[in-house]
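In our numbering, each number is its position in the sequence shown, counted from 1, plus 9. Each residue gets a CB set at the ideal place from its N, CA and C atoms; glycine is no exception. A short worksheet on the structure shown next.
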Amino acid sequence: MTERVANQEVEAIRQSNDIVDIVGEYVQLKKQGRNFFGLCPFHSENTPSFSVNQDKQIFHCFGCGKGGNAITFMMEIEGFTFQQTMAYLAEKAGKPIPQDFQDTSSNHSSEDQAILEAHQWLTKLYHHLLRHSQDGKQALAYLHQRGFTDETIDQFQIGYSPNSRDFVVQFLEKKGFHRQTMVKAGLLTTNDQEHYYDRFRGRAIFPIRNHIGKTVGFVGRAIDGQEPKYLNSSDSSLFQKSKLLYNFDLARSEIRRKNEAILFEGSLDVMAAYQANVKNGIASLGTSLTETHAKMLRRYVDTVLLCYDGDDAGQEATYKALKLLKKTGCTVKVGAMPHEYDPDSYIQSYGENAFVSNVIHHSESDMTFLMRYYKKDFNLQQEGDRIRYVESVIDEIAQLERPIERDHFIRELAEEFSLSLDILKQELNARIQSNQQMTDKRTNFGHTNHGSNWKLPERKAFHNAERQLIAYMLQDEMIAEKVKEEIGSRFNIEAHQIIVTYLYGYYEEGNEPDPSHFLTYIDDADIQQIVVELSMVENDWEITNRELDDYIRIILAEQTDHAKIKQLEKEQKQIEKSDPLKAAQIAMEIIQIKKQLKNLI
10 MTERVANQEV EAIRQSNDIV DIVGEYVQLK KQGRNFFGLC PFHSENTPSF SVNQDKQIFH
70 CFGCGKGGNA ITFMMEIEGF TFQQTMAYLA EKAGKPIPQD FQDTSSNHSS EDQAILEAHQ
130 WLTKLYHHLL RHSQDGKQAL AYLHQRGFTD ETIDQFQIGY SPNSRDFVVQ FLEKKGFHRQ
190 TMVKAGLLTT NDQEHYYDRF RGRAIFPIRN HIGKTVGFVG RAIDGQEPKY LNSSDSSLFQ
250 KSKLLYNFDL ARSEIRRKNE AILFEGSLDV MAAYQANVKN GIASLGTSLT ETHAKMLRRY
310 VDTVLLCYDG DDAGQEATYK ALKLLKKTGC TVKVGAMPHE YDPDSYIQSY GENAFVSNVI
370 HHSESDMTFL MRYYKKDFNL QQEGDRIRYV ESVIDEIAQL ERPIERDHFI RELAEEFSLS
430 LDILKQELNA RIQSNQQMTD KRTNFGHTNH GSNWKLPERK AFHNAERQLI AYMLQDEMIA
490 EKVKEEIGSR FNIEAHQIIV TYLYGYYEEG NEPDPSHFLT YIDDADIQQI VVELSMVEND
550 WEITNRELDD YIRIILAEQT DHAKIKQLEK EQKQIEKSDP LKAAQIAMEI IQIKKQLKNL
610 I
């Protein structure tokens, strides 16, 4: 760390946060052997290569190479500074934030920080006005009429902005916020006469929080006929609808517990479902589901249940979201709504139990939805349309991975239209084969682009010896002490020299072998990655003295022989004109030394 402050405090905060819990807030982790694995949050992948070791309190991605401890993970994933990360982890662990890390809990410019603070103040103000002011009674009555309890209103911090032009303006000014900055934030508006007004005045207010629970925007719902009915915060560096999901911060733990997220179209649907004890509900914000949303959800869950409106627009949105989620590798289910209902109105009409029982628990598979969805485009009373419909469905069945699913739906299709099962299976197999050929072509094309030599360069013996030795040194102080006595920091690779130098100092301070703790002693990110990679090496056996001596011998031999080769090459160059015979003898000696080096390799 640069400007390291009270290393004991840093270590106490780090030890108070289990890396599995920290990473698990961003990645769905599954235990495999000693480690936990999931999809890397730092690069796109469909097969998990991201590993977390709970014993060593480190993470490493075998795909992109990123690695570190809980501190470096938060710095990387959120863009926090070191001080901001420590403040965040201290607060998360329920520990007092050390003085040196206070007032640094956000990774934003001073203007963005002011905007963020203004949102937090307004969230409290709006909620207070709704629950405890005369002005808020109409909005509170509206929410009660919609079926929302005070508990739900408090849980989601719903508020009310008074129908006054300058109340919120004066409130923000008294808190020290500049009017123009608040206009930029989308909290105030102004006219040609430079009069400032509350953007959301006269509306019920729904705070929009980011994934760590900070309000970054609002949705204002009209309650007395205002237009538009819903007024959203405008996009900014803090509020980006394409990256935010309503209620994700509150639903995340339930999503992880159930390994399923329920995706709604609107915030009111999420709240209504919450009251029905469906607490893993989230929603996109006035926009269609984006690829960013889909990839984020895939990191957290295997299954997403789509519960959109039952009208034509809702079904179209369901189809698009389903395709996007399937592309990222999610298992998709669909909660089918009657045509004239959305989840909120369904709950109001039929009750919470009926919603859970008939919609959530009896959701349909993605294939069942697609078979129903495609029917709207065809007149199944006409032979030609029936054939085209069947062909469309076979195309979808061919993309299913599990043979048992393909068999189930092809039989269902044959039965529904009284078609030959054998003929449909032939059609299905032809499409599966065609899909596979297309996949093979893409794969071969990729290999052609990369070339046949696309592989990691082989390391020389001394390089491997240094890496293996450091891997043991990270786990055993006695081995580090012996290496220090034998060769000190005279490793051949510069990065290795830096690591062992830090490691010797780390042990001299009385620290125990602990890769996660050791990382806090290193500033350079590239060096940290090497330490993590070597720390992930599983040395289950004890190294013998002979093996240890062999590693040291190989490392020192590289230094000695290369130094001798350089000296001989210098002599050869000096005498190659005056004494060619002597120069030839020196050349033979160089060749002999290089052969010996090759035998070591």
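DSSP three-state label for residue i, please.
| i | result |
| --- | --- |
| Tyr239 | strand |
| Arg395 | helix |
| Gly455 | For Gly455, the pLDDT reaches just 45, beneath the cut-off of 50, and the residue's location in the model is therefore unreliable, leaving the point undetermined. |
| Thr224 | strand |
| Met10 | Residue placement at Met10 cannot be trusted, given a pLDDT of 42 that sits under 50; what the coordinates show is reported in the next sentence. In the structure shown, Met10 sits in coil (DSSP, three-state: anything other than H, G, I, E or B). |
| Tyr530 | coil |
| His302 | helix |
| Tyr615 | Past the boundaries of the shown model lies residue 615; the chain is included only from 10 to 610, so the question cannot be answered. |
| Arg555 | helix |
| Ile403 | helix |
| Ala282 | helix |
| Glu207 | Residue identity differs from the one stated: residue 207 is Asp in this sequence, not Glu. The answer is strand: DSSP assigns Asp207 an E or B state. |
| Val313 | strand |
| Gly76 | strand |
| Arg218 | strand |
| Phe418 | helix |
| Ala596 | helix |
| Asp523 | coil |
| Gln408 | coil |
| Pro347 | coil |
Alpha carbon to alpha carbon, how far is residue i from residue j?
| i | j | result |
| --- | --- | --- |
| Asp30 | Ser401 | 44 Å |
| Tyr328 | Leu379 | 8 Å |
| Leu138 | Phe68 | 46 Å |
| Val492 | Ile561 | 8 Å |
| Phe454 | Thr448 | Confidence in Phe454 is poor, its pLDDT being 48 and thus under 50, which makes the residue's placement unreliable; the coordinate value appears in the next sentence. Phe454 and Thr448: Cα-Cα distance of roughly 10 Å. |
| Arg442 | Arg411 | The sequence as given places Gln at residue 442; Arg does not occur at that position. Distance between the alpha carbons of Gln442 and Arg411 is about 15 Å. |
| Ile531 | Ala285 | 50 Å |
| Leu314 | Arg265 | 14 Å |
| Gln66 | Ala260 | 26 Å |
| Ile167 | Asp244 | 21 Å |
| Arg155 | Asp353 | 9 Å |
| Met84 | Asp535 | 14 Å |
| Ile369 | Val36 | 25 Å |
| Gln147 | Glu87 | 40 Å |
| Leu247 | Asp121 | 7 Å |
| Ile403 | Pro524 | 53 Å |
| Asn44 | Glu547 | 11 Å |
| Lys20 | His526 | What sits at residue 20 in the sequence shown is Glu, not Lys. Rounded to the nearest angstrom, the two C-alpha atoms are 7 Å apart. |
| Arg212 | Glu18 | 46 Å |
| Leu422 | Gly33 | 41 Å |
| Asn172 | Ala194 | 20 Å |
| Arg157 | His136 | Rather than Arg, the amino acid found at residue 157 in this sequence is Phe. Straight-line Cα distance between these residues: approximately 15 Å. |
| Glu567 | Val540 | 23 Å |
Residues in its own chain within less than 8 Å of residue i by CB, not counting five upstream and five downstream?
| i | result |
| --- | --- |
| Ala292 | Leu254, Tyr255, Asn256, Leu272, Phe273, Glu274, Gly275, Ser276, Asp278 and Val279 |
| Arg395 | Phe387, Leu389 and Phe426 |
| Ser297 | Ala326, Lys329 and Ala330 |
Leaving out five residues on either side along the sequence, give the residues of the same chain with a beta carbon under 7 Å from the beta carbon of residue i.
| i | result |
| --- | --- |
| Asn26 | Ala79, Leu98, Lys101 and Ala102 |
| Ile564 | Phe471, Ala474, Glu475, Ile496, Phe500 and Asn501 |
| Ser58 | Cys49, Cys70, Phe71 and Gly72 |
| Thr94 | Ile80, Met83 and Met84 |
| Glu54 | Leu48 and Gly72 |
So what does residue i bridge to, in DSSP terms?
| i | result |
| --- | --- |
| Gly290 | Ile271 |
| His370 | Per DSSP, none; premise fails for His370. |
| Ser60 | Phe46 and His69 |
| Gln41 | Asn44 |
| Ala213 | Tyr169 and Arg230 |
Leaving out the 5 sequence neighbours to the left and right, which residues in its chain are closer than 6 Å to residue i when beta-carbon positions are compared?
| i | result |
| --- | --- |
| Lys464 | Note on Lys464: pLDDT 41, under 50, position unreliable in the model; the coordinate value appears next. Excluding positions up to five away in sequence, the list is empty. |
| His220 | Phe257 and Asp258 |
| Lys267 | Asn289 |
| Ile552 | Tyr481 |
Could you tell me whether any non-hydrogen atom of the ligand PLP is closer than 6 Å to the CB of residue i?
| i | result |
| --- | --- |
| Asn444 | With respect to small molecules bound, the structure shown includes none, and the ligand PLP cannot be examined in it. |
| said: In chain order, what are the residue ranges of uninterrupted alpha helix (DSSP H) at least 4 long that sit wholly in the stretch 230-276? | reply: 257-267
Segments assigned beta strand (DSSP E), at least 3 residues, entirely inside the stretch 115-201: 197-199
task: Any chance you could list the alpha helix (DSSP H) runs of at least 4 consecutive residues sitting entirely within the stretch 317-344, in chain order?
output: 321-336
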